[in-house]
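Line order of the protein sequences matches chains A and B.
With the numbering used here as the guide, the letters of the first sequence map in order to residues 34 to 425.
With the numbering used here as the guide, the letters of the second sequence map in order to residues 1105 to 1705.
One structure below.
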Amino acid sequence: MTEPLALYIHWPFCAAKCPYCDFNSHVRERIDQPRWRDALRRELAREAGRANGATGRRPLASIFFGGGTPSLMEPETVAALIADARALFEAPEDVEITLEANPTSVEAAKLAAFRAAGVNRLSLGVQSLEPEALRFLGRRHDVAQAIAALEAARALFPRLSFDLIYARPGQAEAAWRAELRRALALAADHLSLYQLTIEPGTRFATEYGRGAFRLPEEEEAARLYAATAEEAAGFGLQPYEVSNYAKPGAESRHNLVYWRYGDYLGIGPGAHQRLGLGGALLAARRHRAPEEWLARVEREGHAVTEELALDPEERAREALLMGLRLAEGIDPARLLARSGRTLAEAVDPAMLAACLEEGYLAWTEPGSGTGRLVATEEGRLRLDAMLPVLLR
Amino acid sequence: MPDTPLDRIRNFSIIAHIDHGKSTLADRLIQTTGAVTAREMKEQLLDNMEIERERGITIKAQTVRLNYQAKDGQIYTLNLMDTPGHVDFAYEVSRSLAACEGSLLVVDASQGVEAQTLANVYQALDANHEIVPVLNKVDLPAAEPERVKQQIEDVIGLDASEAVEISAKTGLNIEGVLEAIVTRLPAPKGDPAATTKALLVDSWYDAYLGVVVLVRVKDGHLRKGQKIRMMSNGAAHTIEQVGVFTPKMAAVESLGPGEMGYVTAAIKTVADTNVGDTITDDRHPAAEPLPGFKPSIPVVWCGLYPVDADDFEKLRESLGKLRLNDSSFHYEAETSAALGFGYRCGFLGLLHLEIVQERLSREFDLDLIATAPSVVYKLTKTSGEKMDLHNPADMPDGSLIEAIEEPWIKATIMVPDDYLGAVLTLCNERRGQQVELTYVGSRAMAVYRLPLNEVVFDFYDRLKSVSRGYASFDYAMDGYEPGDLVKISILVNNEPVDALSFMAHRSAADRRGRAICEKLKELIPRQLFKIPIQAAIGGRVIARETISALSKDVTAKCYGGDITRKRKLLEKQKEGKKRMRQFGKVEIPQSAFIAALKMDA
């Protein structure tokens, strides 16, 4: 069976760089939208040709416009890319098409056009419902704009998600619970709730390094995490991944492809790709710098800078490090099919036993030997410490 | 070349506490007698090794031959013997002293007699030396020559009325020292016609000449081409070169009775030349060796491990090279679960240990970890079998042990009155038995018997800190005695960490066990599982700490692009774990053990 394909399209531009963000985003005064549209379409066509090969159109699992700030794209660019993808691949009518948007008034005004272009799921970068926090996070919108954008989006899109960043400096548990409850009441069926992380190379890294602010200690962060799950559950949202909460059936299908270690194409500057071709699993990445990416695509039809076939060990590691983030865990049969390694080969048996005993890992059907291996909530909370000792 | 007449030879050594001016006086004597030109003069002429110069200590014995025209008009050959000045080298010192007939006792005119001075004086008296007191630094404002003379008489029992007052630094009255050597020290005795008997004083390795052997001829001669025999092991060698130190090496035809010098005989390693051995003629061997020979026996042992496991081979080679020149230290390969591959090394004492460690890091550029030093215990098993134990890891099960004996020392501590109380408390804490407590002015001299294992465990540091650096300390080995000693094992995650186990007296076991558990708790980072840390005697836990599991460690955001980065990070972390030591399901960074051992030292 041909693996359904997720399609990621990266728009590398932002109106301003947020101090916590280490994504491949750039601020440019002018962007030649038609030229970028052509280049993205060209790279998509080239990559689709390779992915389909002689076997014909592959099924499409999802499309995701990420960034950067894809809500700064012209809606016709989005429409053209969606139309291309539907033509190039076998896509059901209701295929999940997500676009990330910021809740500024300018972008909110374009939401209807994006809906008309075919986007059926919106992911809003709200980040906080506290004015002071929005300033600290360097956001260009205020609380009223965020709520207005959410209401507009809810009316327009069948599916809606938004992001919040918590475990911020000095954030008390009670305050976070209250903020989260207000967010949950805004009736999204999906939330991405991230603890603030200091990424190297960001402005926050510099400020944090010189002691400008402090983050909650490990124990406090763990308490905030538990409180988050509790509040989300109160509104019927379950943590199906470390930082993602959804009502049943409302999970991000696109992101599930990553976590289930499926095939995905990554179009646009700096985008990563995993593509199964003729028994090999190819990992490709594209040039990160927007101008260089553009020049290469115009010259060669693509801007892939590196494409490597992953060996079974690497595949198994990737499948496990993604899969154990999910509440559903790892299906050993799928792991073997995808990586060529059995679970027993991929993990250290002594550490597996120790993690099972400690309650960090569990089998969904203990004793039967047919179930899935899942990281429990306690295990997911310590996944970064567990993986290096568990995986081989 | 005819022999120097015996009555024109004086062989002497210089006894002094560190910093009291031994090396400066030696330099001055060499200069005054013209053995070295002003251009060749550098400080501490005799201390060749970098460490010797830096610390002001002498590790290897050396001699220099001085020609001096005395006031009586005669030219005398004065052989200055520079001896190692530390208790670790007590045996080497005794052999150096046995090569001389007299000593200069150099005492700082403001500091007075120190513990180390005393120990060396007693050794010189044991060697039947005539001793000439020399007061140095009399030019300094703080000098109190009369008080120090009185002290020498009171403490040592030497007549100091004719002490030579000098300043080695300015050169004041160096002539007085030279005259005293000629007039007050006895000439050597010996029989030129008797069969060859020479004392092997010391030896060292020279890349060009092979082993250079420092000798004092007692009877007969040593000549180029002569076949000699080492009486301790029967090994025979043919002499290639005979010579004296001026202080440069200068070949001579032969060395006769009373003379000091060197021989080379294509000997490949100093392990073939035992300090204190008797060199005789191979064809006409002496019937009896000179008295006093003892093979060198290590007193303190510890494990040495390379911090970087890849340096093990380099450590092996370096130890081999070092041993070429120092046969008194011993080493054998050992493995530790915590520290990997390394060597168990035996030393003459703590200073010797420190010197070897320092030379390894300095001369061979090695980054080393040392385990806690251990003394040598004498065990009697219930089976009646006896064994020497110098590694706590080799300790048999308690039920198999009938008795344990531990080495004791006799320590002499001199300290200003103000700090005496603190020093006595320290000695009592360390199971010390007071032998003597006397006063010399405002300074007290405490003689204590102490178990050596209490001294190897941070005693120097504590002594220094409780006396603010004013206490001086010296010791001599003082036999073995039964002791209520136990092996304390440290268990991390219920597995023993061999490198951290140690022997202690039962009365100190709980305290020291607790201390190391607390220390490890601070040093070992929290990880996936909680980690129990225990100190135990046999199966009985005497101290326990728990490192709790970390409570949260997960990347918040992880999507498609992050996989590669996350996997590479993971692979790097796995690589990093090669430097970790596995204790069941727990991995402890080696750095934590290193830090624990460093804090112990």
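Just so you know, even glycine gets a beta-carbon here, dropped at the ideal spot from N, CA and C.
Please read all numbers here as calculations on a predicted model, not as lab measurements.
Shortest alpha-carbon distance to leucine 314/A belongs to which of Pro164/A, Phe190/A, Ala370/A and Ala360/A? Ala370/A
With respect to 8 Å, is the separation between the Cβ of glycine 1450/B and the closest non-hydrogen atom of the ligand ZN below this value? This structure lacks the ligand ZN, and indeed carries no ligand of any kind.
Once you ignore the five residues that flank histidine 223/A on each side, which residues in its own chain have a CB closer than 6 Å to its CB? Ser194, Ala279 and Ala283
Threonine 1529/B in three-state terms, based on DSSP: In the structure shown, threonine 1529/B falls within a helical segment according to DSSP collapsed to helix, strand and coil.
Going along chain B, which residues have a C-beta under 7 Å from arginine 358/A? Cys1662
Within its chain, find whatever has a CB closer than 8 Å to the CB of phenylalanine 46/A; leave out the 5 residues flanking it on each side and keep chain order. In chain order, Ser58, His59, Val60, Arg61, Ile64, Gly100, Gly101, Thr102, Leu105 and Pro323 place their CB closer than 8 Å to the CB of phenylalanine 46/A, counting only its own chain and leaving out the 5 sequence neighbours on each side.
Partners in chain A for glutamate 1599/B, counting only beta-carbon separations shorter than 7 Å: In chain order: nothing, as chain A lies at least about 13 Å away.
Mind checking whether leucine 226/A and leucine 183/A have CB atoms under 9 Å apart? no
Excluding five sequence neighbours on each side, which residues of the same chain lie with their C-beta closer than 6 Å to the C-beta of threonine 1221/B? Taken in chain order, the residues that qualify are His1121.
Start-to-end residues for the alpha helix (DSSP H) that takes in phenylalanine 1445/B: Note, phenylalanine 1445/B: premise wrong, no alpha helix (DSSP H); beta strand (DSSP E) at 1444-1451.
Could you tell me whether the region 1343-1361 of chain B touches the region 1409-1427 of chain B, using the rule of 3 or more Cβ pairs below 8 Å? no
Taking DSSP's pairing of strands, which residues face leucine 308/A in a bridge? Leu315/A
Backbone CA spacing between arginine 367/A and leucine 1673/B [nearest angstrom]: 24 Å
Check for me: the beta strand (DSSP E) holding leucine 40/A runs from which residue to which? 38-44
Pick out whichever of Pro1586/B, Val1658/B and Ser1605/B has its Cα sitting closest to the Cα of serine 1593/B. Ser1605/B
Which ranges does the beta strand (DSSP E) cover as unbroken runs of at least 3 residues, wholly within the region 1536-1604 of chain B, from first to last along the chain? 1537-1544, 1547-1555, 1576-1586 and 1589-1596
Determine which residues share a DSSP beta bridge with cysteine 1406/B and list them. Cys1449/B
So, for alanine 1700/B: in the same chain, excluding its five sequence neighbours on each side, which residues have a beta-carbon less than 8 Å away from its beta-carbon? Leu1604, Ile1620, Lys1623, Leu1624 and Leu1627
Does glycine 86/A have its Cβ less than 9 Å from a Cβ in chain B? no
Output, in sequence order along the chain, the residues in the region 1643-1655 of chain B whose CB is closer than 8 Å to any CB in chain A. Ala1653, Leu1654 and Ser1655
Inter-residue spacing [alpha-carbon to alpha-carbon] between phenylalanine 122/A and leucine 93/A: 6 Å
Under the three-state reduction of DSSP, which class applies to isoleucine 1260/B: helix, strand or coil? Helix, per DSSP.
Residue range of the alpha helix (DSSP H) that includes glycine 1135/B: Sequence check: residue 1135/B is glutamine here, not glycine. Glutamine 1135/B -> alpha helix (DSSP H) spans 1126-1136.
Within chain A, the residues that glutamine 1694/B reaches when beta carbons sit closer than 8 Å: In chain order: nothing, as chain A lies at least about 16 Å away.
Glycine 295/A: buried (16+ other C-beta within 10 angstroms of its C-beta) or exposed? buried
What did DSSP end up calling leucine 357/A once you bin it into helix, strand or coil? In this structure, leucine 357/A counts as coil in the three-state DSSP scheme.
What does DSSP give as the partner residues of glycine 1206/B in its beta bridges? According to DSSP, glycine 1206/B bridges with Phe1116/B and Glu1234/B.
Determine the direct distance from the alpha carbon of lysine 1482/B to that of aspartate 1492/B, and round the result to whole angstroms. 5 Å
Would you mind stating whether alanine 360/A and glutamate 263/A have Cβ atoms separated by less than 9 Å? A distance of 9 Å or more separates the beta carbons of alanine 360/A and glutamate 263/A.
Can you give me, in chain order, the residues of the region 1467-1486 of chain B that have a beta carbon less than 8 Å from any beta carbon in chain A? Of all residues in the region 1467-1486 of chain B, none is placed with a Cβ closer than 8 Å to any Cβ belonging to chain A.
What is the rounded straight-line gap between the Cα of glycine 269/A and the Cα of arginine 358/A? 20 Å
Using 8 Å as the cut-off, can you tell me whether the region 1578-1591 of chain B makes contact with the region 1207-1224 of chain B, which would need three or more C-beta pairs spanning the two stretches below that distance? yes
Exposed or buried, what is tyrosine 199/A when buried is set at 16 or more other beta-carbons lying within 10 Å of its beta-carbon? buried
Range of the contiguous beta strand (DSSP E) that encloses alanine 94/A: 93-100
Integer-rounded CB distance, given that isoleucine 1343/B should sit under 8 Å from valine 1367/B: 5 Å
Under the rule that 16 or more other beta-carbon atoms within 10 Å means buried, what is glutamate 1363/B, buried or exposed? Note on glutamate 1363/B: 16 or more other CB atoms within 10 angstroms of its CB, so buried under the neighbour-count rule.
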